[in-house]
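Using the UniProt record's numbering, the first residue of the sequence shown is number 1, and each one after it goes up by one. Quick reminder that beta carbons are idealized off the backbone N, C-alpha and C, glycines included.
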Amino acid sequence: MNVYVVGVGMTKFIKPGRDGNPDYPEMAAQATRRALRDANIPYSSVQVASIGYVYGDSTCGQRALYEVGMSGIPVYNVNNNCSTGSSALHMVSQLLKGGLYDCALALGFEKMEKGSLNMKFPDRTQPLDKIVLKTMEVGEQSSAPFAPQIFGNAGIEHMKKYGTKPEHFALIAYKNHLHSTRNPYSQFRDKYTLQEIITSPKIHGPLTKLQCCPTSDGAAAAIVCTEKFVLQHNLQDQAVQILGITMTTDSEKTFTDQSLMNLAGYEMSKRAAQQIYQQTGVKPSQVGVCELHDCFSANELITYEALGLCEEGKAGDFIDKGYNTYGGRVVVNPSGGLISKGHPLGATGLAQCAELCWQLRGMAEERQVPGLQYALQHNIGLGGACIVALYKKYNTKSGRPRKDQTSNPDILEKLEKEQPKL
């Protein structure tokens with residue numbers, strides 16, 4: 001059974017810990033209402049919800065939805081580390097494909113602490129203990145937090161194996177920061193020179209501060225439905241088909257291959273991508289835009305190869321030729337990616353989905369990628385889960401949104417003040 005995204009919405013991503021920041025129910029409600037408004041349907045049409053967050057108590061998902069409505073629908077709370085949002089999307093897609101429902105909500109949010117991520121619950125086994133210990137055994141160590149050490153070491157391995165230069169990682173950050181200047185949802189919209197990125201404080205391996213994603217507060221949502229629902233509600237012109245969506249987890253190779261890249265999710269990502277291409281019959285060369293999990297520039301670089309966007313060992317050449325941005329083979333992270341847009345863990349995957357739907361529907365404004373046919377999503381969580389999804393517009397002959405549709409958050413905020421609730 002075919003599954004479609006018919007409405008998306010998100011909040012602006014903001015720096016956490018500031019006085020006056022909205023709480024998670026407020027952010028979740030805003031993202032959900034925007035998705036419902038985009039789909040032009042009432043909340044009563046939603047039959048099931050999968051809600052993702054990483055840092056929160058047991059039923060935060062239900063509490064968040066109470067701000068939108070109390071219709072008594074099933075609500076699943078999802079936590080899959082940094083791939084939590086796309087895991088919620090994966091779950092509702094499977095429920096719809098199984099014929100259990102016709103309309104579902106996938107919602108993700110996060111209200112985070114300042115600073116680098118830290119392990120919680122010191123009185124029990126940490127979920128990343130095997131990855132952290134193996135990284136310490138095989139890779140270089142520093143005083144940096146665990147996450148940049150894992151991904152920085154993956155970058156070091158790529159440099160040793162293929163001759164990649166530190167400048168290649170900096171060029172990825174330069175591109176993503178530049179892309180984010182066009183995205184009003186981004187936490188950071190500053191333009192940096194390549195030299196500023198290279199000379200920003202060193203974190204670990206090739207990574208400098210401006211090559212690392214920030215912690216963020218934010219929320220994002222998607223309305224997902226069957227083709228029956230699309231036709232009943234005349235949503236053909238805005239529906240985006242999820243041609244394929246797959247989830248992989250760590251295999252034995254993560255720990256037996258002595259590979260720092262595999263510890264950072266390379267092999268897991270490669271398997272997910274191969275499954276998608278096999279399921280859909282689409283080739284990597286046909287992908288025009290990709291939202292890729294660039295928690296650190298090193299992860300974007302190795303994932304070019306994992307997703308088949310370039311040959312193994314050729315990521316440096318891919319970057320040097322400008323194949324990863326406007327005018328190249330595929331525009332990677334037109335939103336600015338995690339490095340610049342921000343990374344509220346539970347919302348990240350659904351924010352990627354929102355960006356790709358806007359791109360395929362021609363609603364991405366200044367960052368619009370022309371001539372799109374296929375859009376690819378990659379979202380990874382260590383410990384581990386990787387989701388890769390491929391999208392295509394339902395009605396490719398129609399590229400015009402409804403007159404009342406917009407992806408611009410400033411316009412949406414004005415409309416919400418005039419009509420706070422759908």
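(request) Compare the beta carbon distance of Gly337 and Asp294 with 8 Å and say whether it is the shorter of the two. (result) Yes, they are a contact pair.
(request) Below 8 Å on the Cβ atoms is my guess for Ala306 versus Tyr266; work out the distance and round it to an integer in Å. (result) In this structure Ala306 is in contact with Tyr266, their Cβ atoms being roughly 5 Å apart against a cut-off of 8 Å.
(message) When you compare the CB positions of residue 449 and Ile242, do they come within less than 8 Å of one another, or not?
(response) Outside the shown range of the chain (1 to 422) lies residue 449, about which nothing can therefore be said.
(request) Flag this pair as touching only if the segment 102–122 and the segment 38–55 have three or more C-beta atom pairs under 8 Å; answer yes or no. (result) Touching, per the Cβ criterion.
(message) For Lys12 and Glu137, I'd like the C-alpha separation in whole angstroms.
(response) Pairing Lys12 with Glu137, the inter-Cα distance amounts to about 39 Å.
(request) Along the beta strand (DSSP E) that carries Gln377, what are the first and last residues, could you check? (result) From DSSP, the beta strand (DSSP E) with Gln377 extends over 374–381.
(message) Across the segment 178–196 and the segment 270–277, are there enough close Cβ pairs to call them in contact, namely three or more that are closer than 8 Å?
(response) Counting Cβ pairs under 8 Å, fewer than three are found: no touch.
(message) Let's test the definition: count the other Cβ atoms within 10 Å of the Cβ of Gln377 and tell me whether it reaches 16, buried, or not, exposed.
(response) So Gln377 counts as buried.
(request) Verify whether the separation of the beta carbon atoms of Lys175 and Thr325 is less than 8 Å. (result) Yes. Within cutoff.
(request) In angstroms with no decimal places, state the Cα-to-Cα distance between Asp123 and Phe146. (result) Taking the CA atoms as reference points, Asp123 sits about 19 Å from Phe146.
(message) Considering just the uninterrupted stretch of the beta strand (DSSP E) at Leu390, what are its terminal residues?
(response) That run of the beta strand (DSSP E) goes 385–393.
(request) Check whether the segment 240–258 touches the segment 81–93, taking contact to mean three or more Cβ pairs, one atom from each stretch, closer than 8 Å. (result) In this structure the segment 240–258 lies against the segment 81–93, because at least three pairs of beta carbons, one per stretch, are closer than 8 Å.
(message) In whole angstroms, give me the CA-to-CA distance for Asn21 and Gln195.
(response) The C-alpha of Asn21 lies about 33 Å from the C-alpha of Gln195.
(message) Going by DSSP in three states, Val331 sits in which element: helix, strand or coil?
(response) For Val331, the three-state secondary structure derived from DSSP is strand.
(request) Use the C-beta contact count for Lys392: other C-beta atoms within 10 angstroms, 16 or more gives buried, fewer gives exposed. (result) When all chains shown are included, Lys392 counts as buried.
(request) Rounded to whole angstroms, what's the CA-CA distance from Cys212 to Ile339? Just pull it up for me. (result) Approximately 6 Å between the Cα atoms of the pair.
(request) Given a cut-off of 8 Å, decide if Gly384 and Thr246 are closer than it, judged by their beta-carbon atoms. (result) In this structure, Thr246 sits away from Gly384, with a CB-CB distance that is not shorter than 8 Å.
(request) For the segment 193–208 and the segment 344–359, state whether three or more C-beta atom pairs, one from each stretch, are separated by less than 8 Å. (result) Under the three-pair Cβ rule at 8 Å, the segment 193–208 does not count as touching the segment 344–359.
(request) Please name the residue, chosen from Lys283, Met1, Gln352, that lies closest to Ala88 on a Cα-to-Cα basis. (result) Taking Ala88 as reference, the option from Lys283, Met1, Gln352 with the minimal CA-CA separation is Gln352.
(request) For Ile411, count neighbouring C-beta atoms within 10 Å of its own C-beta (all shown protein chains included) and say buried if the count is 16 or more, exposed if not. (result) Under this definition Ile411 is an exposed residue.
(message) Would Ala144 and Ile198 be called neighbours here (beta carbons separated by less than 8 Å)?
(response) No.
(message) Using DSSP's beta-bridge definition, name the partner residues of Glu110.
(response) Glu110 is bridged by DSSP to Gly218.
(message) For Leu243, report the span of its alpha helix (DSSP H) as first-last.
(response) That residue, Leu243, is in no alpha helix (DSSP H); its beta strand (DSSP E) goes 240–248.
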